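A.B. asks:
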Amino acid sequence: MNIKSSKPQNNRMIYFDNAATTFPKPPAVIEAVVDYMTDIGANPGRAGHRLSIEAGKIVFQARKSLAKFFGVKNPMNVIFGSNATDSLNLAIKGVLSSGDHVITSSMEHNSVIRPLKRLETDGIITLTVLQGDEQGIISVSELDSAFRPDTKAVVLNHQSNVTGTVQPIKYVGEWCRSRNIIFIIDSAQSSGIIPIDIKEDNIDILCFTGHKNLYGPTGTSGMVVSDTFDIKKIKSIKEGGTGSLSDKIIQPDFLPDKFESGTLNVAGIAGLLKGIEFITGMPEGLKSVQLHKQTLQKYFIEKAAKRIPGFKSYSSVSGFGVVSFTIEGLSVSDITMRLSDDFNIMSRQGLHCAPMAHQRIGTFPEGTVRFSFSVFTTKTEVDIALEALKEISGDAK
């Protein structure tokens, strides 16, 4: 149904689209970007002057912080990129070759499934998509059934951006390790919420983005390679200037230069470093993040189920701040339009770049409304949203 919009009823903006990118950012993140742009501004590794060296220190410190955060010893195993899609394309296309078989899940974001489907369409790989249980969580028995002698890799979304479903990566990693299969993780949603240890979780390659739950700027990401993984198994998919071995016309074969051609987003990396420090500096680290988000998620889902006619959640009450829902009789586009135009509440509607996940939960092709909370989200904001949805739901009658 079509719903007419009026002017917002309050001037306070409420932001519930943190699964797309977190907002606001911690002040230290903004300050770090501005400081780099105003006081340094140089290109790391491209000169020997003081400003270039200062820029290089920022980048190296960020590598060190991220290596520690994800459980690798060598900071050079952190390869910076522009976004999770960029890093996943490097991991997927760098590892796979003609004749390989790959296993993935029904809950994947397009940043995983599109590169895989492209390789499948081009006849380079074969692909098996595991459906998982009603939440899309895969099991070892499914992996056993899908396994083939030519299985090269398992590529898995750690946490769904649609429902918040968390895959059991430690057990999947053990399964992969026992069969000498490469395990690639998309941690775009989980990094900064769920502790990840590449060694303990048996991960070979982890891809993350900086602008979501690490609270860094947009345009930052990375591919983190296990200390024990042979980098010769990863092909570079772009070549160019690195600032190293400039007398050679062949790409360097050592990390990180093998995969980092061109100028890095140093301003963004400076901000990302402060985002990592913000998360790790919280009183109980990621436990604080989890508790805050779980509390808000449970509160919102339980209150909405009681107060809002036709409300249906597709996310667990025990999730980490990602809630997909619908309201019977209303299109998801109408709901988000009303939330934005009438109540100054920012949310997201549709398929969230994850059509297979919506097929799995039965919300394809329209999708859902998604609320996603951050460490800055308050219970008061959730209450305001509940009242807004209650009013909007009355229009469905």
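In the numbering used here, the protein residues as written are 1380 to 1776. Every residue gets a Cβ at the ideal spot worked out from N, C-alpha and C, and that includes glycine. What you are looking at is a predicted structure, and each value in this text was computed from that prediction instead of being measured.
Classify Arg1391 as buried or exposed, calling it buried when 16 or more other Cβ atoms lie within 10 Å of its own Cβ.
C.D. replies: exposed
A.B. asks: Who are the near neighbours of Gly1478 in its chain, counting only those whose CB is closer than 7 Å to its CB and skipping five residues on each side?
C.D. replies: Asp1529
A.B. asks: Express the C-alpha separation of Glu1579 and Met1380 in angstroms, rounding to a whole number.
C.D. replies: For Met1380, the predicted model reports a pLDDT of 31, less than 50, meaning its position is unreliable; a value from the coordinates is still stated below. Met1380 and Glu1579: Cα-Cα distance of roughly 50 Å.
A.B. asks: Please report the straight-line C-alpha distance between Phe1448 and Phe1743, rounded to a whole angstrom.
C.D. replies: 36 Å
A.B. asks: Less than 8 Å between the beta carbons of Gln1510 and Arg1739, yes or no?
C.D. replies: yes
A.B. asks: Please return the same chain residues whose Cβ sits closer than 8 Å to the Cβ of Val1412, not counting the five positions on each side in sequence.
C.D. replies: Pro1596, Ala1646, Gly1647, Ala1649, Gly1650
A.B. asks: Buried or exposed for Met1661, going by 16 or more other Cβ atoms inside 10 Å?
C.D. replies: exposed
A.B. asks: Which residues in the same chain have their Cβ closer than 6 Å to the Cβ of Gln1728, if we skip the five residues on either side of it in sequence?
C.D. replies: Val1711, Ser1712, Thr1715, Val1748
A.B. asks: Output the residue ranges of the beta strand (DSSP E) runs that lie fully inside the stretch 1629-1695 and measure 3 residues or longer, sorted by chain position.
C.D. replies: 1690-1692
A.B. asks: With distances taken between CB atoms, is the gap from Ser1485 to Met1735 smaller than 8 Å?
C.D. replies: yes
A.B. asks: Quick one: what's got a C-beta closer than 7 Å to Ala1399's C-beta in the same chain, skipping five residues either side?
C.D. replies: Arg1727
A.B. asks: Within 10 angstroms of the Cβ of Lys1637, are there 16 or more other Cβ atoms? Answer buried if so, exposed if not.
C.D. replies: buried
A.B. asks: Mind checking Met1416: buried by the 16 CB within 10 Å criterion, or exposed?
C.D. replies: Looking at its Cβ environment, which holds fewer than 16 other Cβ atoms inside 10 Å, Met1416 is exposed.
A.B. asks: Mind reading off the beta-carbon distance from Val1519 to Cys1555? Whole number of angstroms is fine, and I expect it under 8 Å.
C.D. replies: Actually they do not touch by this definition, with Cβ atoms about 11 Å apart.
A.B. asks: Count the other CB atoms within 10 Å of the CB of Asp1632; is the residue buried (16 or more) or exposed (fewer)?
C.D. replies: exposed
A.B. asks: State the DSSP-derived secondary structure class of Ser1600, mapped to helix, strand or coil.
C.D. replies: Shown here, Ser1600 sits in a strand according to DSSP, grouped into three states.
A.B. asks: Tell me where the alpha helix (DSSP H) around His1737 begins and ends.
C.D. replies: 1734-1740
A.B. asks: DSSP on Val1541, reduced to helix/strand/coil?
C.D. replies: coil
A.B. asks: Please classify Ile1492 as buried or exposed, where buried requires at least 16 other C-beta atoms within 10 Å of its C-beta.
C.D. replies: buried
A.B. asks: Note down the Cα distance separating Lys1666 from Thr1483, rounded to an integer number of angstroms.
C.D. replies: 29 Å
A.B. asks: For Ser1385, count neighbouring Cβ atoms within 10 angstroms of its own Cβ and tell me buried if that reaches 16, exposed if not.
C.D. replies: Any answer about Ser1385 is weak, because its pLDDT of 38 lies below 50 and its placement is not dependable; what the coordinates show is given next. Exposed, because fewer than 16 other Cβ atoms sit within 10 Å of the Cβ of Ser1385.
A.B. asks: Whose C-alpha, out of Tyr1394, Val1474, Ile1393, Glu1410, is nearest the C-alpha of Lys1653?
C.D. replies: Glu1410
A.B. asks: Is the distance from the Cβ of Val1481 to the Cβ of Leu1467 below 8 Å?
C.D. replies: no
A.B. asks: Evaluate Lys1617 with the Cβ neighbour count: other Cβ atoms within 10 Å of its Cβ, from every protein chain shown; 16 or more gives buried, anything less gives exposed.
C.D. replies: exposed
A.B. asks: Starting from Gly1729 and walking both ways along the beta strand (DSSP E), at which residues does that stretch end?
C.D. replies: 1727-1729
A.B. asks: Do Tyr1594 and Val1408 have their CB atoms nearer than 8 Å?
C.D. replies: yes
A.B. asks: Among Ser1692, Ser1697, Gly1698, which residue has its Cα nearest to the Cα of Glu1707?
C.D. replies: Ser1692
A.B. asks: Using the rule of at least 16 other Cβ atoms within 10 Å of the residue's Cβ for burial, across every protein chain shown, is Lys1383 buried or exposed?
C.D. replies: Its pLDDT being 38, under 50, Lys1383 is placed unreliably in this model, and the value from its coordinates should be taken loosely. Exposed, since its Cβ has fewer than 16 Cβ neighbours within 10 Å.
A.B. asks: Going by DSSP, name the residue or residues bridged to Ala1398.
C.D. replies: None, per the DSSP bridge assignment.
A.B. asks: In its own chain, which residues sit with a C-beta less than 8 Å from the C-beta of Pro1387, not counting the 5 before and 5 after it?
C.D. replies: Unreliable placement is indicated for Pro1387, whose pLDDT of 48 sits below 50; no coordinate value is reported for it.
A.B. asks: Measure the Cβ-Cβ separation of Phe1395 and Phe1752 and say whether it is below 8 Å.
C.D. replies: yes
A.B. asks: Do Ala1470 and Met1602 have their beta-carbon atoms positioned less than 8 Å apart in this structure?
C.D. replies: yes
A.B. asks: Looking only at DSSP bridge pairs, what is Gly1460 linked to?
C.D. replies: Looking at the DSSP output, Gly1460 bridges to Ser1600.
A.B. asks: Using CA atoms only, rank isn't needed, just tell me which of Phe1657, Lys1612, Leu1643, Ser1623 is closest to Ile1572.
C.D. replies: Phe1657
A.B. asks: Any idea which residues DSSP pairs Arg1749 with across the strands?
C.D. replies: Ser1703, Arg1727
A.B. asks: Mapping DSSP to helix, strand and coil, what is Ala1532?
C.D. replies: strand
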